[in-house]
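Visitor:
Residue numbers (this note's numbering): 1 to 336.
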């Protein structure tokens, strides 16, 4: 990159694989907890409905604002006022009373068989953690093609977790059956007199960390990630390019502005280097930025209203979920 060799590139890739994989797993853990374990009372229900109204009114307004120039200000104000009035009306008038939204009993008894909970129910979570971790890591450390890439819109980005779960469902079910019944049964038939013992004694903190993961489902999820990655690749590339191209645009704008003000090109480039991704940013991100600059690749002037809001907000929510997932996994789950 920039004619310079990236030192310890493999170790940096390894670090980002480990770090991002764990962050995704924690975010999945938080989502699982929030959806299936929390008892939401009336106050939470009011908030959910109000947020739903805001989204329902906001999405068409953003779309219309993007499509119509002459009426965009009026539409924005109408949507804002309508959303606020609706939220106030919902908060005051809808009598939720003692209503609760608690999915845990239904999830725990979704299938009234002894093998469903906790074994299979938790396996589903653990396997999908591996799937999502594999795809997220690919977006940051995997090789990228030096060709024109397919870009996707915000709807495909927002629905990606659900669609990936649907696509992965059949190998998910087959893999869980193999892990819990197929492989153990085969081993018992072929090697019933053999036992595998692991004579490893890790440090206490490492033991606590390893105990928080179910490794067989996690590895199964990583394997399933290879099956569904064809659907994810354009999404991951769009997310990566969004952040890379924003820096490219800032880099080029800085050079253009400074040279227009009479700066020498070399000095303007040195000043613009503040927008160049540097360590500890993942090597792939830095390399892609350098390749776009060196090969004079064009970048979009704007990503549109949707992506300009959806991607940053989704990124913030993702890291917030990961932080909360760490609190759940290492504090709440341990009874502290």
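For glycine and all other residues, C-beta sits at the position ideal for the given N, C-alpha and C.
Everything numeric in this text was worked out from a predicted model, so none of it was measured.
1) Who pairs with residue 40 in a beta bridge, going by DSSP?
2) Pick helix, strand or coil for residue 338, following the three-state DSSP scheme.
3) Scan the segment 273 to 297 and note each continuous alpha helix (DSSP H) run of 4 residues or more that stays entirely inside, going in chain order.
4) Apart from the five residues on each side of it in sequence, which residues of its chain come closer than 8 Å, Cβ to Cβ, to residue 176?
5) So which of 178, 232, 312, 140 has the shortest CA-CA distance to residue 280?
6) Going by beta-carbon coordinates alone, are residue 238 and residue 152 separated by less than 8 Å?
7) I'd like to check one pair, residue 164 with residue 228: are the Cβ atoms closer than 8 Å?
8) Just reading off the alpha helix (DSSP H) that residue 140 is part of, what are its end residues?
9) If we count Cβ pairs, one from each stretch, closer than 8 Å, do we get three or more for the segment 154 to 172 versus the segment 243 to 262?
10) With H, G and I counted as helix, E and B as strand and the rest as coil, what does DSSP make of residue 72?
11) Identify which residue in 47, 252, 222 has its Cα closest to the Cα of residue 271.
12) What's the gap between the Cα of residue 333 and the Cα of residue 313?
13) Under DSSP, the alpha helix (DSSP H) around residue 331 begins and ends at which residues?
14) Pick from 224, 134, 129: whose alpha carbon is nearest that of residue 170?
15) On the CB-based measure, 16 or more other CB atoms within 10 Å of its CB, does residue 363 come out buried or exposed?
16) Name the residue from 136, 40, 266 whose alpha carbon lies nearest to the alpha carbon of residue 19.
Guide: Answer, in terms of the structure:
1) 101
2) The shown model of the chain, from 1 to 336, leaves out residue 338, and the question about it has no answer.
3) 283 to 294
4) 120, 123, 124, 127, 217, 220
5) 140
6) yes
7) yes
8) 121 to 141
9) no
10) For residue 72, the predicted model reports a pLDDT of 49, less than 50, meaning its position is unreliable; a value from the coordinates is still stated below. Looking at residue 72 - three-state DSSP - the assignment turns out to be helix.
11) 252
12) 28 Å
13) Neither: residue 331 is in no alpha helix (DSSP H) and is coded neither H nor E.
14) 224
15) Missing from the structure shown is residue 363; the chain here goes from 1 to 336 and no further.
16) 136
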